[in-house]
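A.B. asks: Per the working numbering, the sequence shown runs over residues 396 to 515. Quick reminder that beta carbons are idealized off the backbone N, C-alpha and C, glycines included. The structure presented is a predicted model; accordingly, all values stated were derived computationally and were not measured.
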Amino acid sequence: MAQQTMRGMRLGAQSLESERGVNYSARVTHSFQCKNNHISEMVFAADAEIPQTWQCKSCPQQAILLEDGKQVVLDASEDKIPRSHWEMLLERRSREELEEILQERLEYIRARRAGGQADL
Ligand SMILES: [Zn+2]
396 MAQQTMRGMR LGAQSLESER GVNYSARVTH SFQCKNNHIS EMVFAADAEI PQTWQCKSCP
456 QQAILLEDGK QVVLDASEDK IPRSHWEMLL ERRSREELEE ILQERLEYIR ARRAGGQADL
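1) Give me the residue from K465, A443, Q498 and F427 with the minimum Cα distance to A458.
2) According to DSSP, simplified to helix, strand and coil, what is E494?
3) Starting from I434, follow its DSSP beta bridges and name the residues at the other end.
4) Given this structure, state the Cα-to-Cα distance separating C454 from G464, to the nearest angstrom.
5) Under 9 Å between the Cβ atoms of Q447 and C429?
6) Let me know if V417 comes out buried or exposed under the rule of 16 or more other beta-carbons within 10 Å of its beta-carbon.
7) In the DSSP assignment, what residue or residues form a beta bridge with K452?
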């Protein structure tokens, strides 16, 4: 009796949606949703590690992986946190170098202003 009940059962994690995703050969579709509620669908190899975030296809926002229709909770680990351009710049250059570049730039702008040209 108990055996018969078991036979008809599927593993809970195997939803209809994920079955559809593995249709032909080893590929899966994952959806990513951004803050503007755009859904970006991406196809991955079935054995690929799925990133938690993806660049939204419709806007500049970062889209977050959807699991069972809900956004996954992002790992708090350092390397997953998107860095700003400023942070990346700081990794490549020292603060002194940046100061120098800034000064050069300011002098250039001042020179242009002195020459009566508009800022670019
Ligand atoms: Zn978007």
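C.D. replies: If we stick to the structure as given:
1) F427
2) It is helical.
3) For I434, which the question treats as bridged, DSSP gives the partners Q428.
4) 20 Å
5) no
6) Reliability fails at V417, whose pLDDT of 48 lies under 50, so the model's placement of it is uncertain and no value is given.
7) DSSP lists no partner for K452.
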